[in-house]
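Protein chains in written order, with this note's numbering: chain C, 537 to 653; chain X, 58 to 174.
Encoded as C-alpha cells, the structure appears first; notes follow it.
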Amino acid sequence: GAVVSQHPSRVICKSGTSVKIECRSLDFQATTMFWYRQFPKQSLMLMATSNEGSKATYEQGVEKDKFLINHASLTLSTLTVTSAHPEDSSFYICSATLRRGPTDTQYFGPGTRLTVL
Amino acid sequence: AQKITQTQPGMFVQEKEAVTLDCTYDTSDPSYGLFWYKQPSSGEMIFLIYQGSYDQQNATEGRYSLNFQKARKSANLVISASQLGDSAMYFCAMREGEDQGAQKLVFGQGTRLTINP
Numbered sequence: 537g538a539v540v541s542q543h544p545s546r547v548i549c550k551s552g553t554s555v556k557i558e559c560r561s562l563d564f565q566a567t568t569m570f571w572y573r574q575f576p577k578q579s580l581m582l583m584a585t586s587n588e589g590s591k592a593t594y595e596q597g598v599e600k601d602k603f604l605i606n607h608a609s610l611t612l613s614t615l616t617v618t619s620a621h622p623e624d625s626s627f628y629i630c631s632a633t634l635r636r637g638p639t640d641t642q643y644f645g646p647g648t649r650l651t652v653l
Numbered sequence: 058a059q060k061i062t063q064t065q066p067g068m069f070v071q072e073k074e075a076v077t078l079d080c081t082y083d084t085s086d087p088s089y090g091l092f093w094y095k096q097p098s099s100g101e102m103i104f105l106i107y108q109g110s111y112d113q114q115n116a117t118e119g120r121y122s123l124n125f126q127k128a129r130k131s132a133n134l135v136i137s138a139s140q141l142g143d144s145a146m147y148f149c150a151m152r153e154g155e156d157q158g159a160q161k162l163v164f165g166q167g168t169r170l171t172i173n174p
C-alpha cells in the first residue's frame, strides 16, 4: 500500500512551452500532497503544499504563476511549469500524505526529470 | 540555523557490517516527528522509519532502527547487516508542531552511503 505515481517520468521540452506533471495516489486518498524540487546532489526543496479543493500554498520565493498547482481530486494533483526555461530544468518529486500508525507520513512518487532546451 | 544537520556527506561500509548515519535537529517545539528516507539512484524517496518526540522507545523497522537521544537532539539511523542494495542517499527529515493533519517536512542535506562487497 501507499503507492504514489508520477507521469511523465522524464520530459524534454523547448524553452517557452508548458509542461504538466501528474501525481497520483494509487491505493489511498490524500487530502494533502506536496511538490518538491531537487537539484543534482542536493536535498529536496519544498515548492508548495497542495490541498484538495483549495488553492495551493507556495513556499517563499516560488512563483505561483510559474508553477501552477491543481488538486482536483483526492488522488490527483498536477504541477504545470508554464513558459519553461532552461533554469527550470530539475527533478520534480511529489508526495502524498497517509496516516499509518502514529502520524501522517509522506509517501513519494518516483519523480519527473524535466529538461528544458 | 539549519533545522536538520547531516554531517556525513558520504560513507563507505563493508557489506554485512552495521552502519550509523548521523542526524541532529534543532527545534524549540516540544512536539515534533523525525523521519528517515532512502533515495536510490532511480530518484524515488522511500520511507524507512519514524520517531515521534514523545515516543519512549526507539523506533525499529526490520534492519532499520532509530537511535533517538532527545536531550542531544539526535536521531541517528542504524542499519544492521548492511546489504549492497542499501547503497543510496539517505535523508533525515523533521515535522514540527502537533501532529494534526499533514504538515511539511524539513530535510537534511543527505548522506550518500556506499556498501562495498
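We treat Cβ as the ideally placed atom computed from N, Cα and C, and that holds for glycine.
Does N133/X pass the burial test, meaning 16 or more other C-beta atoms within 10 Å, or should it be called exposed? buried
Tell me where the beta strand (DSSP E) around T639/C begins and ends. 639-644
How is G109/X classed by DSSP in three states: helix, strand or coil? strand
Locate the beta strand (DSSP E) running through H543/C, then write down its first and last residues. For H543/C, the uninterrupted beta strand (DSSP E) run begins and ends at 540-543, by DSSP.
Would a C-beta distance cut-off of 8 Å place G167/X and T62/X closer than the cut-off? No, these two residues do not count as a Cβ contact at 8 Å.
Between the C-alpha atoms of S88/X and G154/X, what's the straight-line distance to the nearest angstrom? 5 Å
Do the CB positions of S579/C and F148/X come within less than 8 Å of each other? yes
Tell me which same chain residues have a C-beta within less than 8 Å of the C-beta of T618/C, skipping the five on either side of it? S554, D601, K602, F603, L604
Which residue marks the beginning of the beta strand (DSSP E) containing D649/C, and which one marks its end? A small correction: the amino acid at residue 649/C is Arg; Asp does not occupy that position in the sequence shown. That run of the beta strand (DSSP E) goes 648-652.
Rounded to a whole number of angstroms, what is the C-alpha to C-alpha distance between R649/C and S625/C? If I take the Cα positions, the gap works out to 8 Å.
Compare the beta carbon distance of P638/C and G67/X with 8 Å and say whether it is the shorter of the two. no
Would I557/C pass as an interface residue toward chain X - the criterion being a Cβ-Cβ separation below 8 Å? no
Counting only Cβ pairs nearer than 7 Å, list the residues of chain C close to L162/X. Q642
Exposed or buried, what is V539/C when buried is set at 16 or more other beta-carbons lying within 10 Å of its beta-carbon? exposed
Report the residue ranges of all alpha helix (DSSP H) runs contained in full by the segment 87-140 of chain X; include only those spanning at least 4 residues, in chain order. none
Would you list, in chain order, the members of the segment 104-132 of chain X that have their beta-carbon closer than 7 Å to a beta-carbon of chain C? F104, Y107, G109
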